[in-house]
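Asker: Questions regarding the structure given below will be posed in turn.
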Amino acid sequence: MSTPLTVTLDELPELQGRTLGPSDWRTISQEDIDVFADLTGDHNPIHVDEAFAAASAFGTRIAHGLLSLSIVVPHLAQLWKVTGAGVGINYGLNRVRFPAPTPAGARVRAGAEVLEVTELDGGVQVVLKVTYELEGGDKPVCVAEFVLRYYR
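Numbering (my numbering), first residue to last: 3 to 154.
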């Protein structure tokens with residue numbers, strides 16, 4: 003397992019422009035996809051119907067794009083750990099793209115770049131550009147700017 007960079011809340015501004023990672027590889031199984039489909043109610047056949055997906059342009063079932071976003075927490079935990087904060091929250095997303103599909107059974111990992119660090123009343127806001135790499139792929143499967151807030 004990757005060892006995260008440990009920084010204090012006060013050290014966050016020093017990280018602007020720094021890259022983190024990559025995380026360890028994680029397999030996105032068909033079971034993960036099926037559970038996500040059940041949880042969200044998104045049963046698009048490209049995700050859950052083997053015959054439909056085989057006849058599609060992708061040739062196989064693929065993960066939901068939003069599934070990629072939802073697994074960011076364990077990846078980030080491998081990239082960094084912020085200490086000295088009372089609480090950290092996901093404040094939102096600035097931009098999200100899914101340049102390539104994630105086939106069921108594929109492995110992904112994440113790397114990040116610290117784009118912005120802004121002082122807030124009582125804390126710090128960080129914008130991280132997170133890129134999910136597909137093992138053996140030419141393009142990332144997800145590129146997203148996460149806005150995180152850490153409060154004292």
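Just so it is clear, CB atoms sit at the ideal spot from N, CA and C, and this is done for glycine as well.
What does Arg151 pair with, by DSSP beta-bridge criteria?
Answerer: Ile91, Gln127
Asker: Fully enclosed by the region 77 to 122, which alpha helix (DSSP H) runs are 4 residues long or longer?
Answerer: none
Asker: Are Ala102 and Val143 touching if we call contact CB-CB under 9 Å?
Answerer: yes
Asker: If you run the structure through DSSP and keep just helix, strand and coil, what is Thr42?
Answerer: helix
Asker: Thinking Gly107 and Ser31 are a contact (beta carbons under 8 Å), I'd like their distance in whole angstroms, please.
Answerer: Correct: roughly 6 Å between the Cβ atoms.
Asker: Only counting the same chain, and skipping five residues up and downstream in sequence, which positions put a Cβ closer than 6 Å to that of Gln127?
Answerer: Excluding residues up to 5 positions away in sequence, Thr120, Arg151 lie with their Cβ nearer than 6 Å to the Cβ of Gln127 in the same chain.
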